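Participant:
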Amino acid sequence: MERYYTVSQIAQKLSAYSRSRMVSEDIVYGWVRQGKLQVERIPGNFRGVGKYPYWMDESHLKDVLTEMGYDIDRLFPDND
C-alpha cells in the first residue's frame, strides 16, 4: 500500500535529515509551485496537515529527493 506524505511531514523529515539546515513548509511548497513535486489536494475531512493541504505519494517523493541529492536510505530507513 502506497504511503502519502504531507508538505509538513516532508519539511520535518528533511529538517531532521540535515540539522544544520532548516527546511520549512514554504520551501517544500516552493518545489510544488516550481513543478518539482506533483501533489494532490488532501480531502477536507483530514485534520492537522499543516499550512498547505497537499500530499504526495512516497514513490514520487523518493524519486524527486534522489534527483535533488538526498540520501533516500537515510531519510526512509524503515522502508525497502
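With full-length UniProt numbering, letter number 61 in the sequence shown gets 61, and the count goes up by one each step, no holes. We treat Cβ as the ideally placed atom computed from N, Cα and C, and that holds for glycine. Just so you know, these numbers come straight off a predicted model, no measurement behind them.
Quick one: measure Cβ to Cβ for TYR54 and VAL39, integer angstroms, because I've assumed they're closer than 8 Å.
Facilitator: 4 Å
Participant: List the endpoints of the continuous beta strand (DSSP E) containing ASP57.
Facilitator: Taken as a continuous stretch (DSSP letters only), the beta strand (DSSP E) holding ASP57 covers 54-57.
Participant: VAL62 to ILE72, Cα distance in whole Å?
Facilitator: Note that residue 62 corresponds to Lys in the displayed sequence, not to Val. The straight-line gap from Cα to Cα measures roughly 6 Å.
Participant: Restricting to Cα atoms, I'd like to know which of GLY69, ILE27, SER59 is closest to ARG3.
Facilitator: SER59
Participant: Are the beta-carbon atoms belonging to SER7 and TYR70 less than 8 Å from one another?
Facilitator: It should be noted that the sequence gives Val, not Ser, for residue 7. No, they are not a contact pair.
Participant: What did DSSP end up calling ARG74 once you bin it into helix, strand or coil?
Facilitator: helix
Participant: In the DSSP assignment, what residue or residues form a beta bridge with THR6?
Facilitator: TRP55
Participant: What number of angstroms, rounded off, separates the C-alpha of ARG47 from the C-alpha of ARG19?
Facilitator: 27 Å
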